[in-house]
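Trainee:
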Amino acid sequence: MKQAIMEVIEGALSTEGSRLVMVGNPTQLAGTFYNAFHRDRELYKPFTFSSESSPRVARAYVERMEKKYGRDSDVFRVRVLGEFPLGGSDNYIQLSAVEAAVGREITYNPAELWTIGVDPARFGDDESVICPKCGLHVEPLRAFSGLDGPRLAGEVVLVLKEIRKRGYRGKVVVRVDVTGVGASCYDQLALNTEALNIELIGVNFGGEGDADFDNAAAALWGAMKDAMPAISLPD
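In this note's numbering, the protein residues as written are 7 to 241.
Here it is in structure tokens:
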């Protein structure tokens, strides 16, 4: 919550017997909610509730989060233990920066350049993901299980049609992870680049980096970190 809003709320505490109740997820390492558990702790009565001891939370959820992120991760601390993130030096992109980007209201023009990122997984436990983006506005991800390359390419075409319906008539940039199983999806889209009016780019995460990064994957993470203060991410 913005500090200006909190100042207005605190102004209402002038009434005798008034109380302030704050409930939230401990995602930020600054602000009134954070200070209530730290610097201003003596002014409040803080409570922390862990999912591990809650009868409302399925044990399977806790086990999944532990397996996926690890008990020492900030995600597990916030989403399971109800603790504030450590925000340690080993976190390349801080959880607080990601949380701030989720749902951020920004101005963008859907008639301007669109790009689509495609991460093929084919079969197995992983999901294939399609990520449309216009400027710094990222659309909700499309995730699919058990799709081969041609069928995933078909889903990309459906996303392209959605973009066209929103008024964009220019060339859409489509970036496909061609490392491993992604080649067949790329090849299928390559057969129709002119008809689809797309610029098709194969992304090799093991490719060369630049003066700042050892490889392409690291360079992409660097670009993501630089964009985080301004980008708008889906929930």
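From the three backbone atoms N, C-alpha and C, an ideal C-beta is built for every residue, glycine too.
Go ahead and pull the three-state DSSP assignment for Arg109.
Mentor: It should be pointed out that residue 109 corresponds to Gly in this sequence rather than to Arg. In this structure, Gly109 counts as coil in the three-state DSSP scheme.
Trainee: Excluding the 5 residues flanking Val184 on each side, which residues of the same chain have their C-beta closer than 8 Å to its C-beta?
Mentor: So the qualifying residues of the chain are Tyr192, Gly208, Val209 and Asn210.
Trainee: In chain order, what are the residue ranges of uninterrupted beta strand (DSSP E) at least 3 long that sit wholly in the segment 121-206?
Mentor: Segments of the beta strand (DSSP E) lying fully in the segment 121-206: 134-140, 148-150 and 178-183.
Trainee: In the DSSP assignment, the alpha helix (DSSP H) including Leu226 goes from what residue to what residue?
Mentor: Taken as a continuous stretch (DSSP letters only), the alpha helix (DSSP H) holding Leu226 covers Ala222 to Ala233.
Trainee: Could you give the residue range of the alpha helix (DSSP H) that holds Phe43?
Mentor: Note, Phe43: alpha helix (DSSP H), Thr38 to Phe43.
Trainee: Do Glu168 and Pro138 come within 9 Å of each other at the CB atom, strictly closer than that value?
Mentor: Cβ distance < 9 Å, so Pro138 and Glu168 count as in contact.
Trainee: Using alpha carbons as the reference points, say which of Trp120, Arg172, Gly212 and Val135 lies closest to Glu205.
Mentor: Closest by alpha carbon: Trp120.
Trainee: What does the Cβ neighbour count give for Ser114, buried or exposed, with the cut at 16 atoms within 10 Å?
Mentor: The question names Ser, but residue 114 in the sequence shown is Tyr. So Tyr114 counts as exposed.
Trainee: Can you check DSSP and say which residues form a bridge with Glu214?
Mentor: In the DSSP output, where bridge partners are listed per residue, Glu214 has Asn221.
Trainee: Put Gly88 into one of helix, strand or coil per three-state DSSP.
Mentor: In this structure, Gly88 counts as coil in the three-state DSSP scheme.
Trainee: Would you list the one or two residues that DSSP bridges to Val209?
Mentor: Looking at the DSSP assignment, Val209 forms a beta bridge with Asp183.
Trainee: Do Leu142 and Ile237 have their C-beta atoms within less than 9 Å of each other?
Mentor: Yes.
Trainee: Who are the near neighbours of Gln9 in its chain, counting only those whose CB is closer than 8 Å to its CB and skipping five residues on each side?
Mentor: Closer than 8 Å at Cβ, skipping near neighbours: Gly37 and Thr38.
Trainee: By the three-class DSSP mapping on this structure, what secondary structure does Leu239 have?
Mentor: Looking at Leu239 - three-state DSSP - the assignment turns out to be strand.
Trainee: Provide the residue span of the alpha helix (DSSP H) that contains Glu13, from first to last.
Mentor: That run of the alpha helix (DSSP H) goes Gln9 to Gly17.
Trainee: Taking the alpha carbon of Gly123 as the reference point, which residue from Val84, Leu158 and Asp80 has its own alpha carbon closest?
Mentor: Minimum Cα distance to Gly123 is reached at Leu158.
Trainee: Between which two residues does the alpha helix (DSSP H) containing Lys73 stretch?
Mentor: Where Lys73 is concerned, the enclosing alpha helix (DSSP H) stretches over Arg65 to Tyr75.
Trainee: I need the straight-line Cα distance from Val144 to Glu161, nearest angstrom please.
Mentor: Going from the Cα of Val144 to the Cα of Glu161 covers about 18 Å.
Trainee: Between Val29, Tyr98, Met71 and Gly23, which has its C-alpha nearest Lys231's C-alpha?
Mentor: The candidate whose alpha carbon is nearest that of Lys231 is Tyr98.
Trainee: Quick check on this structure: which residue in Pro61, Ser79, Val86 and Arg85 has the alpha carbon closest to the alpha carbon of Leu92?
Mentor: Of the listed residues, the one whose Cα sits closest to Leu92 is Ser79.
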